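The next block holds one structure in the form of structure tokens; read it before the comments.
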Ligand SMILES: NC(=O)c1ccc[n+]([C@@H]2O[C@H](COP(=O)([O-])OP(=O)(O)OC[C@H]3O[C@@H](n4cnc5c(N)ncnc54)[C@H](OP(=O)(O)O)[C@@H]3O)[C@@H](O)[C@H]2O)c1
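Residue numbers (this note's numbering): 96 to 441.
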């Protein structure tokens with residue numbers, strides 16, 4: 096099969112298409128003939144040598160795929176006990192799925208843990224489906240599980256035009272929250288508002304603390320989803336309401352910050368966060384089950400959708416990374432391994 100290798104840490108040119116042996120599924124795994132694979136910012140960090148794959152994961156980049164199951168590994172008792180009890184019905188060759196993987200997505204074939212696969216939502220093609228797993232798993236577990244966002248609350252999404260942000264805005268709205276977002280520039284802000292943000296704040300021109308404080312009548316928001324960190328940290332605390340939750344999923348401005356701890360006591364704030372990739376199959380399976388029950392109906396009704404900004408042939412992964420580094424995209428960038436995946440809806 097063709098797979099994209101990171102030949103050495105470096106710029107996008109280090110991504111090279113190579114012939115590799117097709118992987119085989121182990122116990123409780125499936126082999127997927129990849130139609131399309133999503134590109135995520137953590138892939139760029141992996142390419143630069145700053146985000147090594149967790150132990151046991153493929154060193155080929157790629158955290159999400161969609162395609163057709165072509166082989167199914169054996170089912171063990173351990174899986175039945177640990178995570179398969181509530182796993183999806185046994186997958187069979189021919190099933191069309193999208194899957195969260197810990198690596199190996201930039202390839203014509205990819206092995207995935209069976210419980211991390213979900214059926215391709217009805218009405219979506221395999222390219223759109225490939226843009227679902229990483230952001231929907233991440234937003235679900237952070238905003239709704241750790242952040243405990245509920246109907247009637249308010250959510251501030253930083254990086255609203257990112258793959259993560261476009262998902263968080265839509266899910267926040269779909270679950271009855273009032274959503275605000277930040278983004279760089281008027282086009283990105285307009286996109287955030289089309290997706291359901293009540294107000295998108297162009298951080299280059301406006302101060303998000305001032306705008307959100309005014310919009311909430313001085314109360315602040317219940318949940319902040321942040322990927323910026325550093326200088327945003329004290330301002331995120333400033334914008335949280337009493338009992339508010341700050342959810343940190345990345346720190347594009349850096350991991351260190353100086354904050355005043357007083358508001359944690361006065362307003363009973365919570366600071367938390369998580370990273371998806373190293374979590375166990377059992378934990379990811381639990382997120383997959385919640386998504387299947389609560390979010391798949393929204394995807395199938397069209398109430399929420401993956402926003403695909405651009406596609407590239409698999410062999411042009413380097414160009415996909417260049418586009419993501421340019422930062423002009425809104426939503427997802429997807430690699431297409433099989434051109435027939437474009438436009439053929441399930
Ligand atoms: N914790 C987890 O489990 C997890 C999982 C997946 C992703 N993530 C993180 O979530 C973030 C979004 O991922 P993604 O795949 O959705 O990426 P993406 O689509 O490339 O979005 C990144 C966004 O960050 C903004 N940005 C880019 N460079 C920046 C910089 N130097 N300073 C401030 N903002 C910058 C851009 O928005 P503007 O143009 O509006 O500034 C862009 O929309 C990434 O940091 C990624 O590492 C975390």
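Cβ atoms here follow ideal geometry from the backbone N, Cα and C, with glycine treated the same way. Being a predicted model, the structure only gives us computed values, none of them experimental.
- Around residue 284, the same chain offers 278, 295 and 297 as residues with beta carbons nearer than 6 Å, after the five sequence neighbours per side are excluded.
- By the C-beta criterion, the segment 196-208 is judged to be in contact with the segment 149-166, since at least 3 inter-stretch pairs fall below 8 Å.
- Between residue 409 and residue 99, the C-beta spacing is below 8 Å.
- A direct Cα-Cα distance of roughly 10 Å separates residue 186 from residue 213.
- Just measuring C-alpha positions, the residue of 385, 273, 138 and 382 sitting nearest residue 430 is 138.
- Residue range 376-389 is occupied by the alpha helix (DSSP H) that includes residue 387.
- Residue 256 has its alpha-carbon roughly 25 Å from the corresponding atom of residue 436.
- With contacts defined by Cβ atoms closer than 8 Å, residue 233 and residue 344 form a contacting pair.
- Distances from the CB of residue 375 to the heavy atoms of ligand 1 are all 7 Å or more.
- A distance criterion of 7 Å places the beta-carbon of residue 233 in contact range of ligand 1, judged by its closest non-hydrogen atom.
- In this structure, DSSP gives residue 334 a state outside helix and strand, which the three-state scheme calls coil.
- The shortest C-alpha to C-alpha distance from residue 382 to any of 235, 419 and 276 is the one to 235.
- Leaving aside the five residues that flank residue 355 on each side, the residues in its chain whose CB is nearer than 8 Å to its CB run, in chain order, 329 and 332.
- Out of 400, 412, 348 and 237, the CA that lies nearest to the CA of residue 385 is found in 237.
- An exposed status is given to residue 305, since fewer than 16 other beta-carbon atoms sit within 10 Å of its beta-carbon.
- Counting C-beta pairs closer than 8 Å gives fewer than three between the segment 104-119 and the segment 397-407, which falls short of the contact rule.
- Here DSSP, grouped into helix, strand and coil, assigns residue 347 to coil.
- Spatial neighbours of residue 254 in its own chain (CB-CB distance under 6 Å, excluding positions within 5 residues in sequence) are listed in chain order as 260 and 322.
- Following the DSSP letters along the chain, one finds residue 136 inside the alpha helix (DSSP H) bounded by residues 136-142.
- Between residue 318 and residue 307, the C-beta spacing is not below 8 Å.
- If the five residues before and after residue 110 are omitted, its C-beta is found closer than 6 Å to the C-beta atoms of 99, 412 and 413, all from its own chain and listed in chain order.
- Using a Cβ distance threshold of 8 Å, residue 369 and residue 243 do not count as a contacting pair.
- Beta-bridge partners of residue 208 (DSSP): 124.
- A residue is called buried when at least 16 other Cβ atoms come within 10 angstroms of its Cβ; residue 360 does not meet this threshold and is exposed.
- Residue side-chain check: residue 381 keeps its Cβ at 7 Å or more from all non-hydrogen atoms of ligand 1.
- Counting other Cβ atoms within 10 Å of its Cβ, residue 427 reaches 16 or more and is therefore classed as buried.
- Beyond the five residues adjoining it in sequence on each side, residue 269 comes within less than 6 Å, by CB distance, of 393, 398 and 399 in the same chain, given in chain order.
- A straight-line Cα-Cα distance of about 42 Å links residue 218 and residue 313.
- In the three-state reduction of the DSSP assignment, residue 408 falls in the strand class.
- Residue 245 sits exposed, since fewer than 16 C-beta atoms from the chains shown fall within 10 Å of its C-beta.
- By the CB criterion at 8 Å, residue 131 and residue 166 fall outside the cutoff.
- One thing to note: residue 209 has its Cβ within 8 Å of the Cβ of residue 123.
- Boundaries of the beta strand (DSSP E) around residue 321: 316-321.
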